[in-house]
Amino acid sequence: MLAILFLAIHLITHLTGQMGVQSKPNEATLMKHLFREYDRRARPKKDPLAPVNLAVRVIVNQILLVDEKKQIIETYVSYNMTWKDDFLTWSPANFSNLKRLVVPTNNLWVPKLIVINAGKDVSTNTNDDGFAAEVYSNGEVKLILATTAYTTCIFDLTLFPFDKQKCELKLGIFGHFCSEVNMSKYDNELKFLWYTPHTEWAVEGSSLKEMAYKDGEGSYCTLDGTIFIRRKSLYLVNNVLIPCVLISFISLASFGVPPESGEKISLSMTTLLSYSVFLLVLSEMLPRNSDTGPILTYYIISVMAITAISLLCSVLVVRLHYGTSKPPKWIRLLVLNYIAKLCCQTTKKVSPSAKVNESMGESGQFEETWLKIGRTLDRFFAIIFFMIIMIVSLTLLVVIPAMNST
Amino acid sequence: MLAILFLAIHLITHLTGQMGVQSKPNEATLMKHLFREYDRRARPKKDPLAPVNLAVRVIVNQILLVDEKKQIIETYVSYNMTWKDDFLTWSPANFSNLKRLVVPTNNLWVPKLIVINAGKDVSTNTNDDGFAAEVYSNGEVKLILATTAYTTCIFDLTLFPFDKQKCELKLGIFGHFCSEVNMSKYDNELKFLWYTPHTEWAVEGSSLKEMAYKDGEGSYCTLDGTIFIRRKSLYLVNNVLIPCVLISFISLASFGVPPESGEKISLSMTTLLSYSVFLLVLSEMLPRNSDTGPILTYYIISVMAITAISLLCSVLVVRLHYGTSKPPKWIRLLVLNYIAKLCCQTTKKVSPSAKVNESMGESGQFEETWLKIGRTLDRFFAIIFFMIIMIVSLTLLVVIPAMNST
Amino acid sequence: MLAILFLAIHLITHLTGQMGVQSKPNEATLMKHLFREYDRRARPKKDPLAPVNLAVRVIVNQILLVDEKKQIIETYVSYNMTWKDDFLTWSPANFSNLKRLVVPTNNLWVPKLIVINAGKDVSTNTNDDGFAAEVYSNGEVKLILATTAYTTCIFDLTLFPFDKQKCELKLGIFGHFCSEVNMSKYDNELKFLWYTPHTEWAVEGSSLKEMAYKDGEGSYCTLDGTIFIRRKSLYLVNNVLIPCVLISFISLASFGVPPESGEKISLSMTTLLSYSVFLLVLSEMLPRNSDTGPILTYYIISVMAITAISLLCSVLVVRLHYGTSKPPKWIRLLVLNYIAKLCCQTTKKVSPSAKVNESMGESGQFEETWLKIGRTLDRFFAIIFFMIIMIVSLTLLVVIPAMNST
Amino acid sequence: MLAILFLAIHLITHLTGQMGVQSKPNEATLMKHLFREYDRRARPKKDPLAPVNLAVRVIVNQILLVDEKKQIIETYVSYNMTWKDDFLTWSPANFSNLKRLVVPTNNLWVPKLIVINAGKDVSTNTNDDGFAAEVYSNGEVKLILATTAYTTCIFDLTLFPFDKQKCELKLGIFGHFCSEVNMSKYDNELKFLWYTPHTEWAVEGSSLKEMAYKDGEGSYCTLDGTIFIRRKSLYLVNNVLIPCVLISFISLASFGVPPESGEKISLSMTTLLSYSVFLLVLSEMLPRNSDTGPILTYYIISVMAITAISLLCSVLVVRLHYGTSKPPKWIRLLVLNYIAKLCCQTTKKVSPSAKVNESMGESGQFEETWLKIGRTLDRFFAIIFFMIIMIVSLTLLVVIPAMNST
Amino acid sequence: MLAILFLAIHLITHLTGQMGVQSKPNEATLMKHLFREYDRRARPKKDPLAPVNLAVRVIVNQILLVDEKKQIIETYVSYNMTWKDDFLTWSPANFSNLKRLVVPTNNLWVPKLIVINAGKDVSTNTNDDGFAAEVYSNGEVKLILATTAYTTCIFDLTLFPFDKQKCELKLGIFGHFCSEVNMSKYDNELKFLWYTPHTEWAVEGSSLKEMAYKDGEGSYCTLDGTIFIRRKSLYLVNNVLIPCVLISFISLASFGVPPESGEKISLSMTTLLSYSVFLLVLSEMLPRNSDTGPILTYYIISVMAITAISLLCSVLVVRLHYGTSKPPKWIRLLVLNYIAKLCCQTTKKVSPSAKVNESMGESGQFEETWLKIGRTLDRFFAIIFFMIIMIVSLTLLVVIPAMNST
C-alpha cells in the first residue's frame, strides 16, 4: 500500500517538474503544451502526404548595390510567408482566451526559402534567432523575413548611361518537392511598399511568376521575380557626358587656328592632354565590363583619334614651311580638286598672282601649294570631324534618351 | 518497508541533484529558483491578455556614416528598455537580502526590438550573449542594448554643400501587437548623452513619436525617431568651393588678354585643363546621387562651358587676321551697334581714319572691322561671364550659407 | 500486484513521453524513429570497414573575383553529393507511404568536403543550418552545398591583356582515407549549368580528375578540378591599349616639327606629360604582380624612353643655334655620311651655296653643319622610333590576339 | 530482499553513469566535481552581498587605425583580469595534487567587461569559446582577454601634421554595481608591454583612473584609460609639406618674369595647374574633418589665391601695351608714389626723357606710365607674397615642430 | 518476484535506450563507448600531473597581405598537431577491427593553439565545427588546423623597393604551462609545402625555435617562427623607378636650353608639372610609413628641389635682359672667375669686342656680363645636378640591388 503511495508521489513530482503548478494558463503554459511533442525538423502535416501550402509575398525594400562588373544586384528584400501548421493548434477557451502567440523561429518548422540565383549566400534566414513567427490558434503561421539578396544579373551596357536592365530574383524551397511544400504567390509582381529609391537606378516595373522545375521523381517549385530598372543618368550626364562633349567641340577649334600662327600644335596637344586627364575621371565611372562596349567608349576613342590626326596634320602643315621638294601631282589633284570641291571651297583661280609667285622661284611655289593643301585638308577634317561629333553627340544626348523615355 | 526507504533515498538523490545542499541562499540559489520553470519564449505575464508595458529611451551615441549615394545613415544607438516580468519576482528576505540580479539576456524573455526602416539588419540584439539585463525583486527588468542602426534616409542635395537633411529611425517590436507589448517613450526626442560629434554633420535637433500601425486584427506599436542634421561645410568650402571660385575668376582673365598677343588661346586652354584636373578632386567628393543635381554641379558646368566658348571666340579672332572675306552687314550691325552699346563701349566715330584704311585696300578694312567685332564680343562675353560668375559665386558662398544659418 | 500495475504505468508514461500517442505515423514519427539512436559523428556504415561511396558533381555558378596580385580566384560553386546512409532506411509501408524526407544537415552524418588549395577558408559547409539533405527510404542521401571557394592560382601575365590562365580547385574529405570515404566524380569536367558569365574572364574549358594522395597508412582521395579562363580584353583594349598606341604615334610627331620653329621641345614635353597622366590610369588597371612583367609595361617604358631621347635631341639642336665651336670631324663623318645613308637621305651636294656660307664667316658654317647633323639625327630617330612603335603596336594589337584566338 | 538488491543496482548504475569508475582522480574528475552544481550566470560569492573584487590590467598591443574623419581610434588591447570564485575551490590533496585548472570561459562566471565609449562593439569577449581562464585551488581565477577596441576620440587638427591627440578608453562592467563587482586597477597607466609601434602615431604617455558613475540606487565602476599620441610627420613632411613649399616659392618666380617677355601668364598658369594637380595628392592625405581646419589648408588656399592674383596682375600689365586711355591721376599717385616708396623703389626722376616721350605722343606716354604702374605693382606683390610665404613656411616647418617637440 | 521482473525490464529498456541493440559494433558504437564519460574540457591524462606532449608542424600556405603602414603580415597557415589522449584508446579487436576514427573537434579535448603576436585575432580554431581530428586506437590524435594568421611585424623601409624584412609568428597554448601541455616542434623551420608564391614578396628562408616564457609559478611554452622575405621589385622598378629616373634626366635638359630662346622657363615648369603628376602615382605605391623614410623619397625631393632651383635660375637670367644696374664686383669675381674655372669653362678673353660693347653704352655691357653670369651658373648647376642624379640613380638602380642580391 505504501509502495503505491510513494510511487504516486514519484509520478506526481515527475509530472509537476515538467508542467508546473500554475493557477491560470498563460503563454508559458501554452508554449509548453504546444512544443512538448513538437519536432521542428518535420513538415507539420498530420497526413504526411499532404503538401504544406505556402503563400509568399516578396517586398523589395531597397536596392543596395548594382555592380555591373561582377554582374550582381544586391537588394534588401522582405518575404511575407503564411502556412498552416497542423500541430500548433489549440482551443483558446482552454488557454485564457489566448488567440495568437509570437514564437521565435528556432522553435518551429519554417520553410527554408532560398534565393536560387544567389551569387554569395543562398539562404534567407541565416540568423534564426533574430526573427519570430506569429502563430494563430487555428494553426496559421505568419512569418516575415528580411534579408539581403545578392543575385546575379546579366547587364547590357551598350546604351550606357541610358541603359535599362532586367534582373531576376528566383526563390525556391530547399530540398522539398512541390508535392511537399507547395509555394504560391500573393501578388503578380514584386511589391515596393516602403521602398527607398536608389539614387542611380529607377524601378520601372516588376513581375512575379510561379514556376516548377522538374528533377527526377518530383518537381521543385520556384517563384521567379523580375525587376526592371533604368539608370538615372543625371549625375553621369552632368559630370561625364557634358564635359566630354565640351572638350570634343574644343578639339574642333584646333582646325580653326591658322597653321602659321604657331599655336596650332600646342592647342591640339593640350586638348589631347585634357582628354588624358578626363580619362582618369571616366575610368572610375565607367563600369569595367568587357562583354559590351558602351557607345560612349567608342565616342571617346573616336574623338581622341581625330584629335591625334588633327595634331599630325598640323605638324605636317608646319613642316611644309621648311619643305624644299615639289608636291607630287596626284596629291595636288586629289586635294586641291576633289577634296576642295567636297568642302565647298571656292578655289579662286588666282592664276595671275600664281604666275608672279612662280617667277619668284620654285620654292615659294612649293610652299604656296603645300599651304593650300594643308588648308584644304584642315577644312576637310574640320567638316568631317564636326559632322561626326555633331551626329554622335546628338545621338548620345538627344536621340537615345528620347528613345529610352518612351 | 525497505522498499519505502530506498524509494525515499531515490527521491532525495533526485532532488538534491537539482537543488544542491547549500547553507545560505546565494545568487545561484536565486537563479535556480527563478529560472527552473521559466520559459523565455513566452511573454512574462501571469494574465496572458495583459500587455507588457515597455518604456524605451533612444540614445544616439555617434553618427558613423552618412552615405548620400546609397541613401543610408549608420548610427551607433543605445536603447534603454524597462518592463515588468511577472515571473521574476522574489522576496529579498528569503534570499539573503538580494534585491537585484544581473542576468544574461539569453535566459529571460526580452522584447525583440527591431529597426523597421533598416537597410541591412533589422535586429538590434544580434548577439544575445553580449548583453545582460538588471532584474529587480519586484520583477522590474532594465536592459541596455547598443547596436549599429543602418537606416535608410532620402537625401535632397540641391543645396550641397550647405544642405540639411532629415533622417528617420523607426523602431518596432517583432510580431507583437500593441495589446501584447505596449511600447512607449521616456522622452520626446532622441537623447544625445555621451554623443561624439561627427566631423561632417552637425545634429540640429530630433524628435520621437509614438505611432501605431494597424494591420488586420491588431495594430503594431512603433516609435518614430527623427534626427535633423546639417552638413558642416568647412572642409568642402576650403578644398572645393574656394579653389573652384578662384579658377572661375581666372577664366575671366582670358578675355582680358589681347587676341594679338598669341597667349589668349593658350591661357583659355590651360584654364580648361585645370578644370579637368579639378574635376578629379570633385568627382571624389561630390555624392554620386542622380536624384538631385547640386547647384554646385551646374556652376561648374556653366563655368566650363563659358571657358570653352571664350576659347572658341579667341580662335575666331585669331583666325580673322588671315581672313579675306568682308564681314556680312548684319553682323557688323548687330555686334558694333547693339552689343557694343550694351557693353557701354564708346565706339569712337573714327570715320576719317576709316576712310583712309578703306582707301588702303579692302582686305585691311575687313581685318579692322573683324578685329573690332572680336574685341566687342570679347568685352561682351567678359561682362556676361563676370556677371554670371559673380552672381553664382555670391549665391554659393554668401546667400545660401546665410539662409541656412538662420 | 498493484506494484506491477503502477510500474507498468510508470513504464508507459516513460515511453509515451518519448514517442507520443499519434494515430497515423507522420514525418515527425519517422524522424524520431530514425534519429533516436543515430550518431551523426560516426560514418553511417553497418560494416565499419566498408567505405562510404560518395559521388560529387561540381557546378561552377559564377566567377566572383580574379585577383592577379594575391593570386586568388574566388568562385561560387555548388557541390551535388550523393551517398548511402545505412542507418537512415525505413519501410515506407510502415510510415504512411513516406518515401523521402528533407532533413537539416545538422542532424545527420555529412562528409566534410574541403577545398584543399583554399586561400582563406577550407570548409565548404560553414553554416550547417542553412542546408538540408534529401533522404530516401533506401538510405540514399542527396545534398547540395553552395559556397564561395577562394582558391589560389598562379598567374602568368606576360601576354596581358591577352593572357589565358589555368586555375585549380582541389577538393578533399577532411580526415578520412579513401578506404573510409571513397570520393568519385559524376562528370569528367566542372559543370557550368546556370553559369553567370564574368565580365572580364571567359571560361574556355575545364576538367575534373580523381586523385589519391598517399600519406602514412592510408591515402586521401581528392577531386582535382581545373578551369581554363581567358581574359576578355575589350575594356582594356578600348581604355588602355588604343589610347596608349595613339599617344605613342603622337610622340613620333615631335620628330616632324622643325627645330627652328620653337615648338619642338614643348610638343615633346607635353607628350611626356600626357604619358605621366596616362600612367595614372594604367597604374590602376595593371595587375601589381612582380613575377611576370607584361609586354605592355615594356612597351610603355620604351615609348617613354624614346620620347625623352627625342626631347633631349631637340634641346641639342636648339642649342646649336647659339653654338660657337666647330663640330668635331668624327661626328660630321658619322652623322652626315653613315647615318644619313641609313635614313635614305639624299644629302644633296650643294657645294656652291656651302662655299658662299663659308665665306660669310665661320660661325654660320658651324650652325649650318650642326643643323644638318640635327636634322639627320631627327630623321634617324624618327625612322627607328616609327619602326619600333609599328612592330610593338602590331604585335600587341594584331599578332598576340590572333595567336591567342587560335 | 531482491527488490532492495535491484534498487541498489539501479542506484549504482545511475550514479556511475554520472561520475565514472576511475581509479585515480584526474582533471576530468575535478571538473565534474567543480561544475556539477555550478551556475555560471550567478556571481560566484557564497555571501551574496559581498562584492567580487576584480583587478584589471590594460595592455595596449597595437594601434590599428586612427580615423580622423569618423573620430575613431582602433586598438588591439589585452585585459588581464583576476578575481576570486568562491565555488571553484578544492583541496589539491584530494585530487592527485592538482593545483590549477585551465577552463574554457564558457563554463564559469566571467565579468562582462565592456568598452563604454565604443563606436561599434561594446563587448570585449564576443567569442567565449576562444579563451580559457586559469583557475587555482584557492578559487583565484586569472583571465586574459584580447580584443579590438573601437573607441571614439575627438580630434583637434589645427596643427596638422604636427598635432597631438588624447584618446580615451573607458571600461565598465555590464549591469553590475560597484557593490557587486568592484573593479580596480593594477597599474596607474595603460601598459605597452609587447607594443608594436604604429607607423603614423607615436605614443607619448597614458594614464588609468578608477571612476564611479552614480545612477539611481547604486553606482557603476569604470576604469578610464587615456592615451596620449603624437603624429609622426616624416611621411607627410616629405610628401606633402616640402613639395608644397617648393611650389609656393616657384609661384614667386612669376613676379620676376618681365611682363614684356610673353611668358609671365604662362608661368603663373602652369604653377596654378601644378597646384591643382597637387591638390589631388593632398585630398587623399588630409583628414576630411570639418570641425577644425588645419593651418596647412589655409596655407594652400592663400598660396593659390596669391598665384591667381599674380596671374590677373600679369594679364593687366600685358593688356596695358594695347591700352589707349590715360591712367587716372589717383592711380598714378597711389602706385607710383606711395606703393613705390613702400617697395623701396628708387623712382628715378627721369623727367627729361618723360618729356621727350610726351612729345612723341600721348599713347606712348600712357604705355610708359602703365608699364611703370605694372612693374611697381609686380614688385609690391612680390614683396608681400614673399613675406607671407616666408612667414607661413617658417611657421609650418620650423616653429610648430619646435614648439611641439618641447 | 514480479517486481523483480519489471524492474529488470525497466533496467533493460534504460540501457538499450542508451546503447542500442546492434549486432556488430560499428563506428557509432565506438563513439558512444569513447565519449560517454569523456569531458572535453579536461586535459586527457590519466595521471593529472603528466604533461600532454604536443608536436606541432607549421606550414605556411600563402602570404595573403603585407601591410607596411599597419606593420601587419597576413599569412594562411596550417598547423599539424599530434598528441596522445589517454581516454581515447580502444582495442580494435572488440570493435570490428576499427583502427582509427575521424572525430569532429568539438567532441574532444584540443589544445587551444594561439598566435601570440596577433594583431587581430589570437585564436587559431575559431570555427570548431569545420575541422575533424584523426584518432588512432592507441590514443594518438592528429589534427590539422588551417587559419589566417594576422601577425605584427616591424618594417624597415630605408632600402625600399629593395628591402628585406623579417617577420615573426609566435605560437602559444592558451592558459597552460609547459608542465601541462609541452609543445615541441617537428622541424627546425616553417614548412612551405604547397606554398603559393606571393607576387610582391619572395620568401628567403625561415626558422622555428622552441622557447619558454616564465611567469609566476610556471612557464609558458612558445614556438617562435621567423620568416625572411625580400620584396620583388620588378613592378616597382618598371612603373616607378624607371619613369622617375627618366624625368630626372629630362629636368637636366632645361639647363641646356639657351635662356634667350624663351623656352627655358616653360620646359622647367612642365618638368615640375610632370613631377607633380608623377607624385600621384607614387603616393599610391609608397608605403605610408613615417618611421623610416625610404631613400627613394629623398631622391624625388632632391630632384624636385633642383628642378625648382633651375627654374628660378632661368627666371633670373631672363630678367637680366631688362636689367639696368651694373652687376656688383664680388658677383662677377665669384661667378666668372671661380665658378667658371670649376666648370672647366674657357672664359675666352674677348676683350676687344667687350670694348666695342662698352663704347656702345653701359647697359649693353651690363647685359653681356649678366648673360655670362647666367650661362656660367647654368653650366655650374647642370654639372652639379648631373652628378647628383648620376650618383643617386646609379645607387638606386645598380648598387643597392647588387648589394641585396648577394
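One line per chain: the protein sequences are U, S, P, E and L, in this order. Residue numbers for the first sequence follow UniProt numbering, beginning at 1 and rising by one. Residue numbers for the second sequence follow UniProt numbering, beginning at 1 and rising by one. Residue numbers for the third sequence follow UniProt numbering, beginning at 1 and rising by one. Residue numbers for the fourth sequence follow UniProt numbering, beginning at 1 and rising by one. Residue numbers for the fifth sequence follow UniProt numbering, beginning at 1 and rising by one. Even for Gly, the Cβ is constructed at its ideal location relative to N, Cα and C.
Helix, strand or coil: how does DSSP classify residue i here?
| i | result |
| --- | --- |
| Y38/P | coil |
| Y275/S | helix |
| residue 419/E | The shown model of chain E, from 1 to 406, leaves out residue 419/E, and the question about it has no answer. |
| P243/S | helix |
| E68/U | coil |
| S179/S | coil |
| W370/L | helix |
| G216/L | coil |
Could you tell me if residue i is buried or exposed, where buried requires 16 or more neighbouring beta carbons within 10 angstroms of its beta carbon?
| i | result |
| --- | --- |
| G205/E | exposed |
| E134/L | buried |
| residue 418/P | Since the first residue of chain P shown is 1 and the last is 406, residue 418/P is not available in this structure. |
| A402/E | exposed |
| V315/L | buried |
| Y38/E | buried |
Using only CA atoms, which one of the options lies nearest to residue i?
| i | options | result |
| --- | --- | --- |
| I63/L | D39/L, R231/L and D187/L | R231/L |
| K24/U | R375/S, D47/S, L223/S and F228/S | D47/S |
| S310/P | L101/P, C167/P, L54/P and L377/P | L377/P |
| I306/U | E37/U, I247/U and L98/U | I247/U |
| P104/U | V315/U, F35/U and L280/U | F35/U |
| I73/S | E200/S, Y298/S, I339/S and L272/S | E200/S |
If we ignore side chains and look at the alpha-carbon of each, how far apart do residue i and residue j end up?
| i | j | result |
| --- | --- | --- |
| V110/E | P51/L | 27 Å |
| L88/P | F174/U | 20 Å |
| V58/U | S137/U | 25 Å |
| S393/P | S254/U | 27 Å |
| C221/S | N182/S | 7 Å |
| S283/P | L241/L | 14 Å |
Ordered along the chain, which non-local residues of its own chain (more than five positions away) have a Cβ less than 6 Å from that of residue i?
| i | result |
| --- | --- |
| D85/P | P44, G139 and V141 |
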